[in-house]
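A short worksheet on the structure shown next.
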Amino acid sequence: MSQGKKRKGSGRVTIADVAKHAGVGSMTVSRALRTPDKVSDVLREKVLNSVAELGYIPNFAAGALASSSSNIIAVIMPSLADFSTNEITKALQRKLEPAGYQLLFTASNFDVQEEESLVKALLQHAPAAMLLPGTPHTGQTLKYLKSNQLPVVELSALTHTPIHINVGVDHHASAYQLTKFMYMKGYRNIAFVGAHTDFGRFAMRLAGWQKAMLDHNMPSHRILLDFEDANITAGADSLAVLKQKWPELDAVICSHSELAAGLILQAGQTGIDVPGQLAIATFEDPNLCTALKPSLTTVEIPYKEIGERAAEALLAALAGDEYSPMVQALEFRIKTRAST
1 MSQGKKRKGS GRVTIADVAK HAGVGSMTVS RALRTPDKVS DVLREKVLNS
51 VAELGYIPNF AAGALASSSS NIIAVIMPSL ADFSTNEITK ALQRKLEPAG
101 YQLLFTASNF DVQEEESLVK ALLQHAPAAM LLPGTPHTGQ TLKYLKSNQL
151 PVVELSALTH TPIHINVGVD HHASAYQLTK FMYMKGYRNI AFVGAHTDFG
201 RFAMRLAGWQ KAMLDHNMPS HRILLDFEDA NITAGADSLA VLKQKWPELD
251 AVICSHSELA AGLILQAGQT GIDVPGQLAI ATFEDPNLCT ALKPSLTTVE
301 IPYKEIGERA AEALLAALAG DEYSPMVQAL EFRIKTRAST
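Numbered by the UniProt record's numbering, the letters in the sequence shown go through residues 1 to 340 in order.
Right, here's the structure in full:
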């Protein structure tokens, strides 16, 4: 087997591996996990420490799947309610369901600890593969995924260290280029309004904006992140705060199209001319961005193609005996509209 490739199912952590690591018998490990009250505190702690260290996941489906492969593909998305998820999930279903796979969707709610819990719970049912956001994962999540040796696809955002298959765009670069675009249009006092900026692609967007601001000698202190969720109401509420804190403001970049929509609607209500007095730009959701008056300048991300490419790469991995790490980088584009 060539270096860098892994054979499907090889290297999966077993009860025997946990027993060896903990220095106990396999039956002790089984009892510690299934009936913990029947083993001593010392032994139970040794077993649980080894389970965590090795990333072992009990296989609840082992009996049912002893003679057949699972046709379930687990999909963890940050949210089940946004534009990107809708585009990706429809593309995945169109490609994977005709091939005989059933997709199980759940959401981490932009929380890496919740993602870790979901990964652990889903792996106990031995899915054929798992798809999740291309975002930094907890160390324990990585142990769980690597110890189970199943095909893994990281979606939407490119990552520096892919687990297996990574299909997405460079969100850092997209925000950098959007900020540079605003600079070239003549804007200098540009704020960033964001939500969930400690998570994945939204953190990358904030970092890309900051780097572009610094590279073009513009101040990067105008940041407003005090939102629990990205919605139109939050965007509308942000306008008064922005104008109060930074009256010199001439442009805003929003991490989400919903925030930008709220800003535009509130600007219209308060008599602020867009883009004459305040330019606004954002990411994603061309349907929402074109429906607004004025229409929103946006970075368009090819989420449908991301879903299609991810499904095709996953089917190839599931059909083969071996798989290698693979990255597919897709292009974004800035769509200029009336808001800038």
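Idealized CB from N, CA, C, for every residue including glycine.
- Take the alpha-carbon of P302 and the one of Q328: they are about 13 Å apart.
- Take P294, set aside five residues on each side of it, and the residues of its chain with a beta-carbon closer than 8 Å to its own are I264, V274, P275, R337, A338 and S339, in chain order.
- Excluding the 5 residues flanking it on each side, W246 has same chain C-beta neighbours closer than 8 Å at N189, A191 and R222, in chain order.
- The residue from E97, Q266 and I72 with its alpha-carbon nearest to that of A234 is Q266.
- A279 carries a strand assignment under DSSP once its states are collapsed to helix, strand and coil.
- Nearest neighbour of L43 by Cα position, chosen from R333, I57 and G23, turns out to be G23.
- Taking all protein chains in view, the Cβ of G55 is crowded by 16 or more other Cβ atoms within 10 Å, so the residue is classified as buried.
- Residue pairing by DSSP puts I223 in a beta bridge opposite F192.
- Distance from the CA of V51 to the CA of A311, rounded to the nearest whole angstrom, comes to 31 Å.
- Note that the C-beta distance between S255 and T197 is below 8 Å.
- In the structure shown, the three-state DSSP call for T161 is coil.
- Restricting attention to K90, V193 and E154, the CA atom closest to the CA of E228 is found in V193.
- Contact between the segment 129–146 and the segment 199–207 is present, with at least three C-beta pairs closer than 8 Å.
- Partner residues in a beta bridge of R94, as assigned by DSSP, do not exist.
- Rounded to the nearest whole angstrom, the C-alpha separation of I253 and N109 is 23 Å.
- Distance from F105 to M77 at the Cβ level is roughly 7 Å; contact confirmed, criterion being Cβ atoms closer than 8 Å.
- Within the model, the alpha-carbon separation for P286 versus E300 is close to 7 Å.
- For F181, the uninterrupted alpha helix (DSSP H) segment begins and ends at H171 to M184.
- Taking the Cα positions, V152 is about 37 Å away from A291.
- Contact check for I57 and N148: beta-carbon distance about 6 Å, within the 8 Å limit, so the pair qualifies.
- Secondary structure note for E300: it is in no alpha helix (DSSP H), and the uninterrupted beta strand (DSSP E) holding it is T297 to E300.
- Residue burial is scored here from C-beta neighbours: H160 has fewer than 16 other C-beta atoms within 10 angstroms and is therefore classed as exposed.
- Comparing alpha-carbon positions, the option among I72, G100 and E97 lying closest to H125 turns out to be I72.
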